Structures are given as structure tokens and as C-alpha cells.
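First comes the structure, then the notes that go with it.
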Ligand SMILES: Cc1cc2nc3c(=O)[nH]c(=O)nc-3n(C[C@H](O)[C@H](O)[C@H](O)COP(=O)(O)OP(=O)(O)OC[C@H]3O[C@@H](n4cnc5c(N)ncnc54)[C@H](O)[C@@H]3O)c2cc1C
């Protein structure tokens with residue numbers, strides 16, 4: 001009978017001894033907290049002895065966000081699909097979401113900086129913009145609620161605690177984790193939700209393949225120029241240097257993700273918020289040639305930058321051929337200290353499982369954010385892994401064994417691989433100004449934009465709607 005495989009706590013948690021768990025999750029990011037919440041709310045898995053370990057000081061910031069949310073929306077914001085939202089609702093997290101800080105939007109307008117070719121994706125509730133910390137905070141509150149209702153094991157959440165070493169127990173072959181607080185934990189199943197540099201993946205000696213895009217994703221929280229119309233449109237301009245995305249937040253706020261090569265990122269980082277704001281407005285409208293010139297001004301003579309941009313935008317806005325509705329409103333304010341940059345890369349682990357190991361979210365795969373899919377892929381991993389664990393548990397299998405984990409790997413590897421490939425191709429197709437490719441992509445986009453059933457299919461893929 002399976003239960004005899006299940007562990008019990010050997011001794012007091014705080015003493016420097018080895019305790020034994022059924023499941024240990026490393027990482028309190030969106031993937032780790034979703035997994036913990038899904039396990040704790042699963043009627044089948046909820047009583048397993050489970051610990052989540054996070055290296056950063058997470059709990060205080062999640063409590064503070066929940067009880068006293070900051071004035072401005074955070075710089076780390078993601079677009080989640082209806083499928084991810086349904087999953088968060090199913091595992092109970094959505095009960096604790098800060099509704100006034102999310103924005104559901106119905107369309108994305110994309111446009112090409114060279115040919116001007118446009119594509120519009122419209123569908124009711126296409127996706128929802130939400131702060132990463134809003135997701136983490138709701139999941140944490142949900143875990144607390146589930147713990148309060150627990151009759152057996154509570155899920156233990158250790159924050160401000162780094163996993164500094166993982167080794168294999170020579171007798172049981174189970175992983176033993178050494179923590180920064182001096183304690184050790186042995187576990188039947190170790191799940192790495194520990195991000196791109198995953199220590200769990202390294203311990204399991206699973207190769208991760210991919211490449212850097214040689215791009216930085218520059219993010220900021222911005223406010224559009226005041227306008228009565230409620231905006232729930234996402235804008236994405238494909239520049240040959242990378243994409244400029246302005247995604248809607250409540251009350252005319254928006255989230256910027258601007259991918260640029262390192263040399264441009266360095267120039268942008270030297271600008272103050274006012275200059276940076278003008279550069280965003282320029283990048284949303286002006287030609288590639290003008291932008292190249294403006295980067296030079298920004299680098300060498302930044303005092304002149306704002307006047308240069310104002311002058312060029314005035315000419316652009318007054319051209320009768322330019323319809324203001326074809327472009328996002330101009331940015332009027334950038335939230336202080338909301339600017340940050342992240343390296344963009346593609347990676348996919350050769351396997352998401354090993355004996356006693358599973359990888360989830362960015363620990364397993366990372367993608368270019370241009371299609372807003374990274375976190376959504378992680379949510380799909382969590383759903384699949386929990387279903388796999390439930391089935392193996394019901395069948396009396398050892399949930400840490402590779403054979404029990406196999407369905408998770410076979411369910412998730414191919415869809416993730418396909419999505420990584422699609423996003424990579426989009427990045428490559430739009431990163432060139434080579435005329436035949438510009439012509440082909442513009443022709444293709446114009447055709448697609450006018451063929452409803454193909455567009456419907458693409459919307460379905462973006463939003464994962466059934
Ligand atoms: C600019 C940008 C925009 C994006 N936009 C979108 C979007 O619109 N939609 C979307 O779906 N995705 C988007 N993504 C991707 C998304 O942000 C990530 O896929 C997601 O946050 C990954 O979550 P995770 O929990 O897997 O990993 P992480 O958030 O990286 O969490 C890993 C956690 O593990 C912890 N950890 C690591 N090592 C240890 C250790 N040794 N001990 C203890 N703890 C440890 C870390 O502290 C961290 O908290 C975007 C990404 C970027 C960079």
C-alpha cells in the first residue's frame with residue numbers, strides 16, 4: 001500500500017537535523033506558489049508532507065502587498081490567458097486577487113516598423129494583465145487558507161532560506177537539501193520551480209539547450225496622456241531592433257516591454273525618466289532611420305533629445321495620412337523607479353523529469369516575452385504535473401519515481417517545444433530589414449489580417465481559448 005512510503009516529520013523543524021518530506025518545491029515565484037496552492041487544494045494530494053523553499057524574503061512583501069497595496073502598479077506585469085486564469089480560479093487563488101489592479105483586454109494591434117503592415121487580434125477577454133506579485137500574493141493567501149483548513153500536514157513555506165546544496169542520499173537515493181539556515185531536508189520528490197538558473201536542473205544533470213537573443217527587455221510602468229476613452233488595447237510595434245509593447249493596465253496606465261540590443265539598452269538606461277518617456281513615444285511612431293539618429297543623440301548629446309523628438313512627432317502627428325487611432329496614445333508619465341531590464345533568452349531542458357525530480361516553469365523552459373507566454377506555459381506545467389501526481393497516487397505508485405512522472409513530461413514537452421519554436425520564428429522574421437523578408441512578412445500579414453478563420457485560429461492560439 002502506497003501510504004507506507006509516505007514520510008512523517010522526524011524531529012522538530014528548527015533543529016539542525018534531517019526531516020523527510022513527500023514533496024519539496026524550490027522557488028516561490030508564480031510557478032512554485034501555483035504548484036503549492038494546487039497541491040494543497042487537491043483532494044488527493046492535500047495531506048502529503050510538502051515544503052516550499054524560497055531564497056528571497058517573500059512572505060513580508062506578499063503580506064504587505066495584500067494588506068496595503070502600493071500606490072503604483074509594479075514593473076513586473078504579465079499577460080495571462082483565459083486558460084491560466086481559469087486554472088488560478090480552480091485552485092482557489094482568484095478569491096484573493098486585487099481586482100482593481102488587473103486589466104482584461106480585448107484586442108492587440110501589431111504593426112511593422114518598416115512596411116507599416118498591421119494585424120489586429122480581437123476577441124472578448126483575449127487576455128488579462130496582472131502584476132506578478134498579485135499572482136503570488138493571491139496564491140500565498142490561498143495556501144494560508146488551505147493550511148487553516150488542514151486536518152493533517154500543513155504546507156510549510158520557508159522564505160529567506162536558500163538551498164545551498166543538493167545531494168543524493170546514498171541509501172535511499174532520495175535528494176537531500178542543505179539549507180542556508182543549517183537544516184537539511186530529504187524528499188521523495190524534488191520539484192524545481194527555481195527559475196532559469198535552476199539548481200535542481202543542475203543537480204539532476206539535465207541539459208538545457210537554447211540561446212541568448214542578445215536583447216534586453218526594458219520594462220516600466222507608464223501612464224498614457226489623459227483621455228476619456230477607456231483603453232483596453234495592447235499595442236506591439238515590430239522594430240528590427242526588437243519589439244515595443246505597451247500593454248493595458250487599469251485607468252489609462254500601461255506596462256512597457258521594450259526589447260532592444262545591449263548597445264541600445266545601455267543608451268536608454270543613461271536617460272532620465274522624462275527623456276526615456278520621449279524615446280518610447282518616438283519608438284511607437286517614428287521610422288527606423290529616425291530612431292537610429294535619435295539613439296545617437298541620446299548617446300552623445302542627450303540634452304537635445306527631447307526637442308528633437310518633439311519636433312519629429314509634431315510633423316508625424318500633423319501628417320493627414322497618419323490616423324492617430326492607428327497608434328497608441330503618447331506616454332505622459334513614468335512611475336519613478338519602475339524601470340528595469342531583463343536578459344531575453346530561449347531555453348528548453350532536454351527532459352523535465354528524472355528519478356525523484358521534476359522541473360516546472362522557467363526552470364524547464366524560457367522564451368522571448370514578445371508573445372507573453374512564459375508564465376502561461378508554467379501554469380500549464382503545474383496543471384499537468386498535479387494531474388500526473390494525483391493519478392500516480394491513486395494507483396499506488398511511488399510519486400517520486402520516474403515512471404510515475406513520465407505522463408507529465410510527455411504531456412508538456414511537445415507543446416512547450418512548439419510554442420518556443422513559434423515565438424522564436426516571429427522574433428527572427430521581424431528582426432530583419434532584408435527586403436524580400438520584409439515584403440513576404442508584410443504580404444503575409446496583410447493576407448492573414450483579412451482572412452477571418454486564420455485570424456480566429458491565431459487568436460485561439462494566443463489566448464488558449466477552446
Ligand atoms: C520582460 C518580461 C516580460 C514577460 N511577460 C510575460 C507575459 O506577458 N506573459 C507570460 O506568460 N510570461 C511573461 N514573462 C515570463 C514570466 O515572467 C516568467 O515565465 C515567470 O515569471 C517565471 O516564473 P517561475 O516561477 O517559473 O520562475 P521565477 O519567477 O524565476 O521564480 C524562481 C524562484 O526560485 C527562487 N530560487 C532560485 N534558486 C533558489 C535557491 N537556490 N534556493 C531558494 N530559492 C531559489 C528564486 O528566488 C525565485 O523566486 C515575461 C518575462 C520577462 C522577462
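Residue numbers (the UniProt record's numbering): 1 to 466. In this text, a Cβ means the ideal position worked out from N, Cα and C, and glycines have one as well. Because the structure is a prediction, the values reported are computed rather than measured.
- The stretch 232 to 245 and the stretch 190 to 203 do not touch, with fewer than three beta-carbon pairs separated by less than 8 Å.
- Residue 215 and residue 295 have their C-alpha atoms roughly 16 Å apart.
- Residue pairing by DSSP places residue 166 opposite 177 in a beta bridge.
- The three-state secondary structure of residue 205, taken from DSSP, is coil.
- Not one heavy atom of ligand 1 falls within 8 Å of the beta-carbon of residue 203.
- In the DSSP assignment, residue 311 falls within the alpha helix (DSSP H) that extends over 305 to 318.
- In terms of Cα proximity to residue 124, the closest of 52, 165, 81 is 81.
- Note that the stretch 139 to 153 touches the stretch 35 to 52; at least 3 beta-carbon pairs, one per stretch, sit closer than 8 Å.
- For residue 245, the pairing in a beta bridge is given by DSSP as 236, 257.
- Sixteen is the threshold: when 16 or more other Cβ atoms of the shown chains lie within 10 Å of the Cβ of residue 423, as they do, the residue is buried.
- If one requires a minimum length of 3 residues, the beta strand (DSSP E) runs lying completely within the stretch 16 to 71 are 18 to 26, 50 to 53, in chain order.
- In this structure, residue 182 lies away from residue 346, with their beta-carbon atoms at least 9 Å apart.
- If only complete runs of 4 or more residues are kept, the stretch 77 to 121 shows the alpha helix (DSSP H) at 82 to 90, in order along the chain.
- Taking 8 Å as the cut-off, one finds at least one heavy atom of ligand 1 near enough to the beta carbon of residue 369.
- A straight-line Cα-Cα distance of about 33 Å links residue 153 and residue 416.
- Residue 221 has 255 as its beta-bridge partners, per DSSP.
- Ranked by Cα distance from residue 244, the first of 255, 250, 251 is 255.
- Secondary structure note for residue 332: its beta strand (DSSP E) is the uninterrupted segment 331 to 334.
- Just measuring C-alpha positions, the residue of 135, 420, 381 sitting nearest residue 405 is 381.
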